[in-house]
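Our numbering puts the sequence shown at residues 175 to 664.
Okay, structure first, notes after.
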Amino acid sequence: MESAMKDFRKALVWDHLTSAVLVILIPGLCSVLWQQLQRLQVQRTLGRSLIRRVRRLAAFVDPDLSVTIAEHESTGRMMRPGDVYYEEAKAYISDSCSRTARHLRAEGSRGDAAADRLQLSMLDGEEVADEFRGVTVFWSAHTRPTSRNNYPTYGGAGQQERYFELHYHRRHRELVLGTYLYHVRQKGRDIMVKNRQRKLFSVDRHGRWIHLPFKHPMKFNKLAMDPAKKKEIMNDLDAFKNGKERYERVGKAWKRGYLLYGPPGTGKSTMIVAMANHLEYDVYTIELTSVKSNTDLQNLMIEIKSKAIIVIEDIDCSLDLTGARGEKKKRAEDNAGNDDEKKGASTASNAAEADTSRSKVTLSGLLNVVDGLPSACSEERIIVFTTNHLDKLDKALIRRGRMDKHIEMSSCCFEAFKSLAATHLGVDAESHTKQFETVQKLLVEVNMTPADVIENLTVKSLEDNPDSCLAALVKALEEAKEKANRGSSA
C-alpha cells in the first residue's frame, strides 16, 4: 500500500512537471511558428484573400465605381494649387450639369476669366447627373481638410480642399475612363477659353511679354469691305479654327499665315481686330526693331500659347527684310572699296556703336520662327504680316506655305460705303437715294480709303446729321476728283 502511494506521488509530480514544461514551451513554439508563417507570408495571403472577398461582396451590393478629381495636384510632399484637371471639370460641370442642381455657389472670376463673369459651381454634398452616349453618370462636390504634414507647401492645417467625385456603373468603365473623361477635359477647356478675358500682348523693353485686356468692339459685320470678300475671309478663318483633324491628317502644323497689303488707311489693323474677335483669340504684337536677336525672337515665339494671332505690322519697314538684299550688299561692298582707310575706320567705329543698340534679327531668323521648328511649339496660331508696299518684300517671306492667304486691302468700294453709312449714320440707299447714287458714281472715278470715308461720315457737332455728313463726303470726293484731273493734265 505504501509502495502504491509512492508510485502515485511520483506520477503526480511527473504530470505537474510535464505540464509546467509544456506551459513554458508552448508560447515559444507559437512564437517560432508565427515567425515562420510571417516568412511564408501566410498572414499577408490570408489578409489579401479576406480583402478580396470583402471587395467582391461590396461590388455585389454596390456596383458603382468612382473617380476623384481634386482641386490640388499632389506629388509626394508637394501640392500645386489650381490644378488644371479640376478647373476643366469645374467648367464642364458648371456649363453642362449645374442646370439641374438645386444649390449652387456663385464665384467671381479668377485667373484668365473675364472680370464681369460669375462662375457657378455645386455646393458641398450636391449631386447632379450627366448623360453621355446613353449612359448616365453622377457628379458630386465635396471638401476635405488638408494637412500640413501632407502638403507643407500650401496653406497648412485648417485649409479646405475641394474635389469632385464621378460615380458610374462598373459595366461602363471602358466608356467613362476611355472616352468620357477625355470629353470632359476637352469640353471644359473650350468653355474656359470662351469665358476667359482675352488679352493684347506686346514686348516690353526687357524683351518680355506684357499684356492688357483686349476689348475692341470691331467685328466683321461692321467692317467696311465687299460682302463677298468678307464672307470668303470668314469662311477661311472658320475652316482653320475647325481644321485640327485635317492638319493632323496631312501632317502639317496647325497654323496659317495671312498677308494684308494695301495703302495706308485701308483697314489692315481693323481687319486684324475683326479676325481676333471672330476667332476669339488673343493678339500678340511684335515690333521686330525692339527684338535684339534671332534667339530672343525665337524665345518670344515659343512662349506664345495656342489660340493666338501673332501680328507683325508694317513689315516692309522692319529691318532688312526687303527683296533688295543683294543690291544693298553689293552697294555696301563698292562703297567700302572706295573709302580711304581713315574714313573706313571711322565708319566701322560708328557702325559698331550703332550695332550694339540695333536689332540683329535677320530674314533667316524670321523665316525660321514663321515656318521652322519653333513654329510647331504650339498649335492653333495665326501669323499676320501687314505692309503698305508688297513689292518691297522678299519673295521667300511671303510665299505660299508661309503667308498662305494674301488679302488686298483696297480703296473703299460702293458696297463698303453702304456698310459704313448704315453703321455710322443708320441710313441706306432707299432713304437717301440721290446721295447714294452720287457717291457710287464718284467712287468709281476716285480712290478714297475707308478711313477717309469714315472721317467724312463721322458726326462732329450737334448740328450734324446724316444729310450733312453725306454732303461732306460728296464734297470730299469731288475735290479728290478735281485734284486727280489737275494732276493728270499737268
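Cβ coordinates follow ideal geometry from the N, Cα and C atoms, glycine included.
Just verifying my parser: in three-state terms, what is the DSSP assignment at leucine 471?
helix
State whether the region 610-617 contacts the region 417-429, with contact taken as three or more CB pairs (one from each stretch) at a distance under 8 Å.
no
Alanine 658 classed as buried or exposed, judged by whether at least 16 other C-beta atoms fall within 10 angstroms
exposed
May I ask which residues mark the beginning and end of the alpha helix (DSSP H) holding threonine 320?
Looking at the DSSP string, threonine 320 is not in any alpha helix (DSSP H), and its letter there is neither H nor E.
What did DSSP end up calling valine 535 once you bin it into helix, strand or coil?
coil
Could you pull out every residue in the same chain whose Cβ sits closer than 8 Å to the Cβ of lysine 393, ignoring the five residues on either side in sequence?
Ala448, Asn451 and His452
Considering only DSSP beta bridges, list what tyrosine 432 is partnered with.
Val558 and Lys579
Residues near serine 584 by beta carbon distance below 7 Å, same chain, minus five either side:
Gly436 and Thr440
If I follow the unbroken alpha helix (DSSP H) through isoleucine 446, where does it start and stop?
Counting along the chain, the alpha helix (DSSP H) containing isoleucine 446 begins and ends at 442-453.
Span of the beta strand (DSSP E) holding alanine 482?
482-486
Tell me which same chain residues have a C-beta within less than 8 Å of the C-beta of glutamine 472, skipping the five on either side of it?
Once the five neighbours on either side are set aside, the close Cβ partners of glutamine 472 are Gly539, Asn542, Val543 and Pro548.
Sequence-distant residues of its chain with Cβ nearer than 6 Å to leucine 651 (five each side left out):
Leu616 and Val620
Please tell me whether phenylalanine 591 and threonine 459 are closer than 8 Å, where the distance is taken between their beta carbons.
It is not a contact, given that the beta carbons lie outside the stated cut-off.
Where do the ends of the beta strand (DSSP E) carrying glutamate 301 lie?
301-306
To which residues does DSSP link threonine 310 through a beta bridge?
Glu305
Assess contact between the region 562-578 and the region 590-608, defined as three or more Cβ pairs (one per stretch) separated by less than 8 Å. Is contact present?
no
Cβ contact check for the region 595-605 and the region 636-645: 3 or more pairs under 8 Å
yes
Contact the region 552-559 vs the region 472-481: 3+ CB pairs below 8 Å
With three or more CB-CB distances shorter than 8 Å, the region 552-559 counts as touching the region 472-481.
Which residues mark the beginning and the end of the alpha helix (DSSP H) in which leucine 571 is found?
569-572
Serine 268 versus arginine 370: straight-line alpha-carbon distance, rounded
15 Å
Straight-line Cα distance separating valine 618 from lysine 655
10 Å
Reduced DSSP secondary structure (H/G/I, E/B, other) of glycine 256
Confidence in glycine 256 is poor, its pLDDT being 47 and thus under 50, which makes the residue's placement unreliable; the coordinate value appears in the next sentence. In this structure, glycine 256 counts as coil in the three-state DSSP scheme.
Ordered along the chain, which non-local residues of its own chain (more than five positions away) have a Cβ less than 7 Å from that of threonine 536?
Asn468
Rounded straight-line distance, which links the Cα of glutamate 281 to that of leucine 386:
23 Å
Give me the Cβ distance between valine 350 and glutamate 262, rounded to the nearest whole Å; I'm assuming they're in contact under 8 Å.
That pair is no contact at about 16 Å.
Is methionine 296 helix, strand or coil by DSSP?
strand
Residue range of the beta strand (DSSP E) that includes valine 457:
456-459
Could you say which of Asp304, Gln333, Ile628 and Ser270 lies nearest to glutamine 293 if we only look at CA atoms?
Across the set Asp304, Gln333, Ile628 and Ser270, the C-alpha of Ser270 shows the shortest separation from the C-alpha of glutamine 293.
Would you identify the three-state DSSP class for valine 620, choosing helix, strand or coil?
coil
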